[in-house]
Structure formats: C-alpha cells, structure tokens
Amino acid sequence: IDARGKVVLPGLVNTHHHLFQSLTRTLSAAQNTGLFGWLSTHYPIWARLNGEAIYVTANLALTELILSGCTTASDHLYLFPNGALLDDEIRAARELGIRFHPCRGSMSLGQSRGGFTTKTHLACEQGRKTLALVITAGQRGDSPQFITVLERIKVYRIGGGRPRTRPTLLLADKAYTSRG
C-alpha cells in the first residue's frame with residue numbers, strides 16, 4: 002500500500018457495547034427515566050426478542066460502528082430470550098468482517114433480592130466450569146428453569162463424537178422463595 006501523502010489512522014476499538022439495545026434506543030417512554038426506569042421500560046420488549054432479532058440488531062449496530070471507523074468491537078450480551086445465542090451476533094460480525102469479541106454480561110439477582118429483573122440459572126461441574134446457562138427475564142419461577150438448564154448441557158467427548166447430554170453426577174442447590 003502506497004500511503005505517501007496520506008494520513009493513516011488506526012482502527013477504533015469499542016470495548017463495551019450492547020448491540021441488541023440498538024433496536025429500542027429511540028423509545029420515547031424510556032427517555033429521561035434514569036437507568037432503572039429505562040431498563041424497566043425495555044425489558045418487556047427485549048423479552049420478546051429471538052435469535053433473528055439479535056442477529057439483525059447486531060448487523061445494524063456493527064455496521065454503524067464500521068462506518069464510524071471501528072475495526073474491533075466487544076459486546077456484552079446479557080439477555081438470551083427465546084433461544085437467542087451469542088452465535089447470532091457472531092454470524093453478523095463474520096458476515097461484516099469486523100473483529101469481534103463477544104462476551105456474556107449479566108445481572109443475576111432478581112428484584113426480590115435487591116437486584117434488577119433477570120435471574121441466572123446455572124449448571125456447573127465440580128471444578129466450577131459452566132456446563133449450561135439460562136438467563137430469564139423478570140420473576141419467572143426457578144424450578145421450571147432447571148429442566149431448560151439440563152436440556153442445554155453438552156459434555157464434549159475427547160476425540161470427537163456426539164456430546165453427552167447427561168452428566169455423570171449432579172449436585173443441585175434449591176431455589177429460594179421471594180416471600181421472605
């Protein structure tokens with residue numbers, strides 16, 4: 002590349018984004034409400050998202066970043082409603098050709114415990130490595146989510162092959178009640 006007489010600038014790096022929020026950024030009911038008011042307005046809408054909506058909003062937000070000079074982005078996806086996956090964002094990033102570092106964000110305490118409106122339902126192996134994770138919006142029951150968590154477990158085999166879906170051993174913690 003002959004860059005004589007040109008100015009060369011490095012690509013910008015965005016280290017913290019929530020790409021899916023691009024879908025609802027102009028919602029007037031959430032303007033000037035403070036963080037919790039803003040989130041409370043958006044959560045019912047975001048709870049209806051699915052994998053295709055996550056893909057479309059990632060494509061939109063990453064395109065806007067590219068057009069502004071960003072060449073690397075990191076996203077903190079913390080909602081996974083209706084089967085949405087990090088893979089939905091990764092697909093958009095690959096198609097656009099941007100360097101992308103997806104990561105999981107989380108707000109894991111429900112309102113009954115002084116947190117906000119999501120709950121984390123998690124299965125770990127004895128070494129505390131995550132086997133499966135489900136994040137739900139609002140105060141959905143803990144016990145029914147355990148089935149969904151178990152269905153998402155995949156224990157990969159050394160040397161390949163179809164992953165096992167049943168762990169050899171399972172330890173569980175009981176769900177807490179929101180009634181004191």
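Numbering (the working numbering), first residue to last: 2 to 181. We put the beta carbon where it would ideally sit given N, CA and C, even for glycine.
Reduced DSSP category for residue i - H, G, I as helix; E, B as strand; rest coil
i    : result
G161 : coil
S69  : coil
N60  : helix
R105 : strand
R180 : In this prediction, R180 scores a pLDDT of 48, lower than 50, which makes its location untrustworthy; no coordinate-derived value is stated.
A4   : coil
A133 : strand
P11  : coil
H43  : helix
T149 : helix
Reference residue i; option with closest CA among the options
i   : options               : result
H19 : I2, G6 and H102       : H102
E53 : T72, G84, L36 and S69 : G84
N15 : C71, L28, S29 and T42 : C71
Backbone CA spacing between residue i and residue j [nearest angstrom]
i    : j    : result
F147 : G12  : 44 Å
L86  : R5   : 45 Å
Y44  : P164 : 34 Å
A133 : S75  : 22 Å
V150 : R167 : 11 Å
Presumed contact (8 Å Cβ cut-off) between residue i and residue j, rounded CB distance
i    : j   : result
A124 : I91 : Their Cβ separation, rounded to whole angstroms, is 23 Å, which puts A124 and I91 out of contact at 8 Å.
R105 : Y79 : 7 Å
N33  : P82 : That belief does not hold up - the Cβ atoms of N33 and P82 are roughly 26 Å apart, past 8 Å.
A1   : W39 : This structure leaves residue 1 out entirely; the chain is present only between 2 and 181.
If contact is defined by three or more beta carbon pairs under 8 Å, each pair taking one atom from either stretch, is the region 59–66 in contact with the region 5–23? Judged by Cβ distances under 8 Å, the region 5–23 makes contact with the region 59–66, as three or more pairs qualify.
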